[in-house]
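In the working numbering, each residue carries its 1-based index in the sequence shown increased by 4.
Cβ atoms here follow ideal geometry from the backbone N, Cα and C, with glycine treated the same way.
Below is one structure, written out as structure tokens, with a few remarks after it.
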Amino acid sequence: MLMKKHRARVCLLPFLALTAVLLSACSSTPDEPQLNDTPRHTGLSGPIVDQRWNLLLIGTDERLSFAETPFFTISKDGKVAGSDGCNRFTGNVSLGESHRIDFEGLATTRMACPNMADAKRVTDMLDNAYRYLIDHDRLVFFGPDSRVLGGWREGK
5 MLMKKHRARV CLLPFLALTA VLLSACSSTP DEPQLNDTPR HTGLSGPIVD QRWNLLLIGT
65 DERLSFAETP FFTISKDGKV AGSDGCNRFT GNVSLGESHR IDFEGLATTR MACPNMADAK
125 RVTDMLDNAY RYLIDHDRLV FFGPDSRVLG GWREGK
């Protein structure tokens, strides 16, 4: 008699395991967020996007001379590309409320140029930019301390 009870338990075990698996598969609902869902990037927009900006000033009044005018362009997908007057650069940019701007992950080529220090000042301006202001065809960057970092002019 003891043998029959043991066989019944052994036969019942696979059935219980299968039932548990099937019940757990049915317990989730389609409204629950999935772990692999990522927010969709809506894209950037506004007067600063899809416009070429040529360097006008460093600080409030310092004009630098380069063989190639430093410039940048921000695309709708949040990418920035341009030149610091010597090397090309690329990276990412985010725009926020109250004209907040943040350049991230700027990477440059590494060509040697006569004005390397001035070229670095251009990329430093982007790295330190915190807010921006557009006035007609001019774009001004401000640091976190509200100090003017430099200005750009719409390119053609």
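- The shortest C-alpha to C-alpha distance from residue 157 to any of 118, 137 and 151 is the one to 137.
- DSSP, read as helix, strand or coil, puts residue 48 in coil.
- Judged by their CB atoms, residue 80 and residue 109 are not nearer to each other than the 8 Å cut-off.
- Counting only runs of 3+ residues, the beta strand (DSSP E) found wholly inside the segment 44-113 occupies 56-62, 75-78, 83-87, 92-100 and 104-112, in chain order.
- A contact is defined here as three or more CB-CB pairs under 8 Å, and the segment 49-60 meets this definition with respect to the segment 140-159.
- The residues 106, in chain order, have a CB closer than 6 Å to that of residue 98 in the same chain once the five nearest residues on each side in sequence are set aside.
- Bridge partners of residue 144 according to DSSP: 137 and 155.
- Residue 124: member of the alpha helix (DSSP H) spanning 120-132, first to last residue.
- Rounded to whole angstroms, the Cβ separation of residue 73 and residue 91 is 14 Å, and the two are not in contact under 8 Å.
- When the Cα atoms are used, residue 67 and residue 122 turn out to be separated by approximately 10 Å.
- Across the set 51, 139 and 129, the C-alpha of 129 shows the shortest separation from the C-alpha of residue 87.
- Counting only residues of its own chain and dropping the five nearest sequence neighbours on each side, residue 131 has a CB closer than 8 Å to the CB of 107 and 110.
- Pairing residue 152 with residue 63 gives a Cβ-Cβ distance under 8 Å.
- Pairing residue 51 with residue 70, the inter-Cα distance amounts to about 26 Å.
- Within a 10 Å sphere around the beta-carbon of residue 125 sit 16 or more other beta-carbons, which makes this residue buried.
- Around the beta carbon of residue 89, 16 or more other beta carbons sit within 10 angstroms, so the residue counts as buried.
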